[in-house]
Structure formats: structure tokens, C-alpha cells
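In what follows, a single structure is set out as C-alpha cells and then discussed.
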Amino acid sequence: MSIKRARVIYNPTSGREAMRKALPDVLARLEQAGFETSAHATTGEGCAMDAAQLACEREFDIIVAAGGDGTVNEVVDGIARQSHRPKLGIIPMGTTNDFARAIRVPRDVDQAMSIIENGYSKKLDIGRANDKHFMNIAGGGKLTELTYEVPSKLKTAVGQLAYYLKGIEMLPSIRPTHMKIEYDGEVFEGDIMLFLIANTNSIGGFEKLAPDAEMDDGYFDLLIMKSTNIAEFVMIANKALRGNHIHDDHIIFKRAQHITVEAKDDVQLNLDGEYGGQLPGTFENLYRHIEFFLPED
Numbered sequence: 001m002s003i004k005r006a007r008v009i010y011n012p013t014s015g016r017e018a019m020r021k022a023l024p025d026v027l028a029r030l031e032q033a034g035f036e037t038s039a040h041a042t043t044g045e046g047c048a049m050d051a052a053q054l055a056c057e058r059e060f061d062i063i064v065a066a067g068g069d070g071t072v073n074e075v076v077d078g079i080a081r082q083s084h085r086p087k088l089g090i091i092p093m094g095t096t097n098d099f100a101r102a103i104r105v106p107r108d109v110d111q112a113m114s115i116i117e118n119g120y121s122k123k124l125d126i127g128r129a130n131d132k133h134f135m136n137i138a139g140g141g142k143l144t145e146l147t148y149e150v151p152s153k154l155k156t157a158v159g160q161l162a163y164y165l166k167g168i169e170m171l172p173s174i175r176p177t178h179m180k181i182e183y184d185g186e187v188f189e190g191d192i193m194l195f196l197i198a199n200t201n202s203i204g205g206f207e208k209l210a211p212d213a214e215m216d217d218g219y220f221d222l223l224i225m226k227s228t229n230i231a232e233f234v235m236i237a238n239k240a241l242r243g244n245h246i247h248d249d250h251i252i253f254k255r256a257q258h259i260t261v262e263a264k265d266d267v268q269l270n271l272d273g274e275y276g277g278q279l280p281g282t283f284e285n286l287y288r289h290i291e292f293f294l295p296e297d
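Residue 26 in full-length UniProt numbering sits at position 26 of the sequence shown; the count goes up by one each step and never skips.
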């Protein structure tokens with residue numbers, strides 16, 4: 001019988017170095033679960049992606065990604081490109097952990113490990129944006145660029161409120177951008193504040209931005225916010241907390257598998273909360289592309 005092998009890819013600096021402390025226990029539990037286990041500590045940008053790619057090439061059975069959304073995104077990016085794609089377990093260690101929240105993996109290391117040991121797994125969709133991949137969200141427009149401007153200390157302390165306050169503070173200076181968005185054969189062209197392409201319902205701590213998002217249906221939820229003034233924006237943001245924004249006149253909300261976006265100005269692309277290059281962008285839903293360990297409920 002061939003031995004099953006697990007590769008732990010972890011960010012030693014995330015969660016106030018919590019993973020560094022938890023690592024011996026994580027390795028021991030994987031060994032007890034029958035995996036020959038090894039670990040790779042990331043050292044900088046792109047490192048988790050390279051490590052994941054290597055683990056695929058070496059045909060590991062499972063990969064465990066421990067870190068924040070950035071680490072998980074890189075691991076997913078690395079796995080997504082390969083023909084042999086190990087099952088993926090997640091130990092959330094970051095500040096927002098949007099993806100872990102979407103798949104209901106708790107922030108507690110012990111509980112996250114129990115999910116992996118339990119062995120229940122499911123294939124989920126991921127998104128491809130040009131030559132990169134995302135799990136939660138791709139977006140663009142001046143409003144989404146705020147996420148780079150919220151200092152990380154503030155992010156940790158107040159989460160979604162930080163984005164919201166920064167949004168209100170910046171709004172007077174935000175100009176709408178003219179974009180052309182094609183989705184599954186339909187076209188929208190006009191001035192917009194932002195577009196979001198959601199794969200999950202958990203975005204920047206807002207759990208109702210794409211309230212009905214399913215992660216294994218082969219579709220994205222596309223949200224376009226047309227040009228608004230401050231009063232309208234505040235009203236939409238309040239509706240978004242309850243998931244009622246999708247019926248607002250300033251919002252276009254559609255399901256689509258394939259989306260292309262072009263812009264007249266320079267527009268940065270936001271992938272899972274990180275900088276993902278510039279538009280134009282082609283976005284494709286990769287149906288049930290990676291198998292994740294999930295809680296059974």
C-alpha cells in the first residue's frame with residue numbers, strides 16, 4: 001500500500017506567529033491520521049505558490065495551507081495550474097480569512113485540523129482572472145482600490161468597518177470610471193463606481209454582498225455599482241449589510257460564467273483583496289476545480 005503524503009505550507013508571520021507555535025502539533029496530528037508529513041515555511045511573495053506547484057508535481061495527496069487569505073490564494077493559484085491537484089485543507093491564520101469564513105472553517109487551529117482529519121471533502125469552483133486565480137472575489141473600480149489604503153493595523157482592529165469608514169472618507173474624491181463589461185453574451189457599458197465578481201458570499205467581512213453565491217455551481221455572481229453620490233452610496237452600503245442592495249436601481253446583479261471587462265482609464269484589479277494587475281480582464285469560472293476539506297454540515 002502506498003503511503004499517503006501531506007505537505008503543510010504555512011506563513012510563519014501570520015496570526016502573530018501563531019502557526020509557528022502550532023506547527024509541531026499540526027504535523028503530529030497529520031502523522032497520526034496516516035500521512036507522511038513535511039512542512040514549508042513561506043519567505044515572501046510568490047513563495048506559497050511555488051511550494052504548492054512543487055507539491056503537485058511531487059504528487060502529494062493533500063496540501064494544508066496555513067495563513068491568511070493571501071497565503072491561501074497563492075496556494076490555490078499554484079494548485080490550479082497543475083494536472084495533479086491534491087486535496088486542500090485550510091488553517092485560517094490571517095486578519096479577515098474571507099475564504100475560510102465562506103467555507104465555514106473556524107479560526108481555531110484545533111477545530112480546523114479536526115475538519116481535515118474527518119476527511120470530508122468537496123470540489124469547489126475557483127475563478128481565473130487573466131493568468132491568475134482567485135477564490136472569493138475579483139473586482140475593480142476606484143472604490144475597490146481603497147482596500148490597499150486601509151492600514152493593516154486598522155484592518156485587524158475593526159475589519160469591515162475600516163473599509164467602510166475609508167470608503168466614506170474617500171468618496172468625495174472618487175470619480176466613476178467608464179467601463180465595458182460583457183457577461184455570457186450580454187453587455188453593459190457606462191460609468192461605474194465598481195464591479196465585483198464573486199465566487200463566495202464572504203467579501204471583506206461583508207457576508208451578504210453576494211447573498212446567494214454557490215461555490216460549486218459553475219457561476220459567478222456579478223455585481224456592478226453604477227455612478228452614485230455620497231447619500232446614495234451610504235444607502236446602498238447599509239442595504240448591503242442585510243443583502244438588500246441587489247434590488248437597488250444603482251446595482252446590476254447577474255450570474256455569469258465568463259466575463260470580460262475593459263476600461264478607458266487605468267484600473268487596478270483586486271483579486272481576493274490583493275493587487276492583481278491592471279484591466280482589461282477576462283474572468284472564467286473553473287467548475288469544481290479544486291477539492292477542499294470542509295465541515296460536513
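Beta carbons are placed, not taken as given, at the ideal position from N, Cα and C, and that holds for glycine. Here the structure is a predicted model, which is why all the values come from computation and not from measurement.
Note to self: Under DSSP, the beta strand (DSSP E) around V187 begins and ends at which residues?
What the structure shows: The residue you call residue 187 lines up with position 187 of the sequence shown. Looking at the DSSP string, the run of the beta strand (DSSP E) that includes V187 is E186 to A198.
Margin query: For the segment 112-119 against the segment 68-85, do three or more pairs of beta-carbon atoms, one drawn from each stretch, fall closer than 8 Å, so that the two count as touching?
Written below: Under the three-pair Cβ rule at 8 Å, the segment 112-119 does not count as touching the segment 68-85.
Note to self: Using only the alpha-carbon positions, how far apart do I62 and R5 sit?
What the structure shows: What you label residue 62 is simply residue 62 of the sequence shown in a count that begins at 1. What you label residue 5 is simply residue 5 of the sequence shown in a count that begins at 1. Distance between the alpha carbons of I62 and R5 is about 7 Å.
Next item on the list: With a cut-off of 8 Å on the beta carbons, I'd call N270 and A138 a contact; round off their distance for me.
Entry: Here the question's residue 270 lines up with position 270 in the sequence shown. Here the question's residue 138 lines up with position 138 in the sequence shown. Confirmed, about 7 Å.
Next item on the list: Give the C-beta separation of L124 and I290 to the nearest angstrom, bearing in mind that I take them to be a contact with Cβ-Cβ under 8 Å.
Entry: Here the question's residue 124 lines up with position 124 in the sequence shown. Here the question's residue 290 lines up with position 290 in the sequence shown. Confirmed, Cβ separation roughly 6 Å.
Next item on the list: Locate the alpha helix (DSSP H) running through V105, then write down its first and last residues.
Entry: For the purposes of this step, residue 105 is taken as the residue at position 105 of the sequence shown. That residue, V105, is in no alpha helix (DSSP H); it is neither H nor E in DSSP.
Check: In three-state DSSP terms, what is D125?
Finding: Within the sequence shown, residue 125 is the residue found at index 125, counting from 1. DSSP places D125 in strand when its eight states are reduced to three.
Check: How many whole angstroms separate the CB atoms of F134 and G127, which I take to be in contact at a CB cut-off of 8 Å?
Finding: Counted from its first residue, the sequence shown places residue 134 at position 134. Counted from its first residue, the sequence shown places residue 127 at position 127. So it is a contact: roughly 5 Å between Cβ atoms.
Item checked: Length of the line joining the Cα atoms of I230 and D249 -> Here residue 230 refers to the residue found at position 230 of the sequence shown. Here residue 249 refers to the residue found at position 249 of the sequence shown. About 15 Å.
Check: Rounded to whole angstroms, how far is the Cβ of R20 from the Cβ of A55, which I believe are closer than 8 Å?
Finding: As a working note, residue 20 is residue 20 in the sequence shown. As a working note, residue 55 is residue 55 in the sequence shown. No, R20 and A55 are not in contact; Cβ-Cβ is about 20 Å, not under 8 Å.
Next item on the list: Just list the beta strand (DSSP E) runs in the UniProt domain "DAGKc" (1-133), keeping only unbroken ones of 3 residues or longer that don't cross its boundaries, in chain order.
Entry: 4-10, 35-41, 62-67, 87-92 and 121-129
Notebook entry, point to check: So, is residue 299 buried or exposed, given that buried needs 16 or more other C-beta atoms within 10 angstroms?
Noted result: Residue 299 lies beyond the stretch modelled for the chain, which goes from 1 to 297, so this question has no answer here.
Next item on the list: Would you tell me roughly how many angstroms separate the C-alpha atoms of A66 and Y10, rounded to the nearest one?
Entry: As a working note, residue 66 is residue 66 in the sequence shown. As a working note, residue 10 is residue 10 in the sequence shown. If you take the alpha carbons of A66 and Y10, they lie about 4 Å apart.
Margin query: For I174 and I224, which I take to be in contact (beta-carbon distance under 8 Å), what is that distance rounded to the nearest angstrom?
Written below: Locating residue 174 in the sequence shown gives position 174, counting from the first residue. Locating residue 224 in the sequence shown gives position 224, counting from the first residue. That belief does not hold up - the Cβ atoms of I174 and I224 are roughly 16 Å apart, past 8 Å.
Notebook entry, point to check: Cβ atoms of A102 and N201: under 8 Å apart, would you say?
Noted result: In the sequence shown, counting from the first residue as 1, residue 201 sits at position 201. In the sequence shown, counting from the first residue as 1, residue 102 sits at position 102. Yes, Cβ-Cβ distance for N201 and A102 is below 8 Å.
Checklist line | Where R175 sits in the DSSP three-state scheme | finding: Within the sequence shown, residue 175 is the residue found at index 175, counting from 1. Correct three-state label for R175: coil.
Note to self: I'd like to know whether the C-beta atoms of D69 and G46 end up nearer to each other than 8 Å.
What the structure shows: Position 69 of the sequence shown, counting from 1, holds the residue named residue 69. Position 46 of the sequence shown, counting from 1, holds the residue named residue 46. Not in contact: D69 and G46 (Cβ atoms no closer than 8 Å).
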